[in-house]
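What follows is a set of notes on a single structure, which appears directly below.
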Amino acid sequence: MRALIYLCLAVLTASPAQAELRDLRARLSGQEGLVWIAFDGQPTLLRREETAHGVDLVVEGISLEARRITPRHRELVTAIVVEPTEGGARIQLQGEQAWAASEAELRQGGVLVRVH
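According to the working numbering, the sequence shown is numbered sequentially starting from 89.
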């Protein structure tokens, strides 16, 4: 019986937690832009890929629903597209033009992205 309980607990803790995209802020300061993406839960892994349209982030350890967000102010980011993946989500930050470089890091409760 204990083995069954431990097995159930292991399955529950191994699956991504349901989370909501709680906050999204973008700020342009000179040639550098900052994008803060906050979640209800803490992501466990982050991969970044620069694309022709902006930056794709693959975040694992959380589960998000598919959605498209169009910011009111589009100087830095023109759209955010969220697509669920197995074990996480792909978040596409689309810009008016391709950025020369980008950096992304996990922070407490979210992801901070710097673009140049």
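Ideal placement from N, C-alpha and C gives every residue a C-beta, glycine not left out.
Remember, it's a predicted structure, so these values are computed and weren't measured experimentally.
Could you tell me the alpha carbon to alpha carbon distance between Ile179 and Arg202, rounded to whole angstroms?
Start at 1 with the first residue of the sequence shown, and residue 179 comes out as number 91. Start at 1 with the first residue of the sequence shown, and residue 202 comes out as number 114. If you take the alpha carbons of Ile179 and Arg202, they lie about 15 Å apart.
With distances taken from CA atoms, which of Gly197, Gln130, Glu148, Ile125 is nearest Leu181?
Here residue 181 refers to the residue found at position 93 when the sequence shown is read from its first residue. Of the candidates Gly197, Gln130, Glu148, Ile125, the one whose C-alpha sits nearest the C-alpha of Leu181 is Ile125.
Taking the C-alpha atoms as reference points, what is the distance between Arg136 and Gly149?
Taking the first residue of the sequence shown as 1, we reach residue 136 at position 48. Taking the first residue of the sequence shown as 1, we reach residue 149 at position 61. Roughly 15 Å separates the two Cα atoms.
C-beta contact flag for Leu112 and Val123 at 9 Å:
Start at 1 with the first residue of the sequence shown, and residue 112 comes out as number 24. Start at 1 with the first residue of the sequence shown, and residue 123 comes out as number 35. Less than 9 Å divides the Cβ of Leu112 from the Cβ of Val123.
Pick out the complete beta strand (DSSP E) segments inside the segment 134–204, 3 residues or longer, and give them in chain order.
142–148, 155–157, 167–173, 176–182, 190–195, 198–203
Tell me which residue opens and which closes the beta strand (DSSP E) that Glu120 is part of.
Here residue 120 corresponds to residue number 32 of the sequence shown, with the count starting at 1. Counting along the chain, the beta strand (DSSP E) containing Glu120 begins and ends at 120–127.
Excluding the 5 residues flanking Leu194 on each side, which residues of the same chain have their C-beta closer than 7 Å to its C-beta?
For the purposes of this step, residue 194 is taken as the residue at position 106 of the sequence shown. Taken in chain order, the residues that qualify are Pro131, Leu134.
Please report how far the alpha carbon of Val199 lies from the alpha carbon of Val146, in whole angstroms.
Position 111 of the sequence shown, counting from 1, holds the residue named residue 199. Position 58 of the sequence shown, counting from 1, holds the residue named residue 146. Taking the straight line from one Cα to the other gives about 11 Å.
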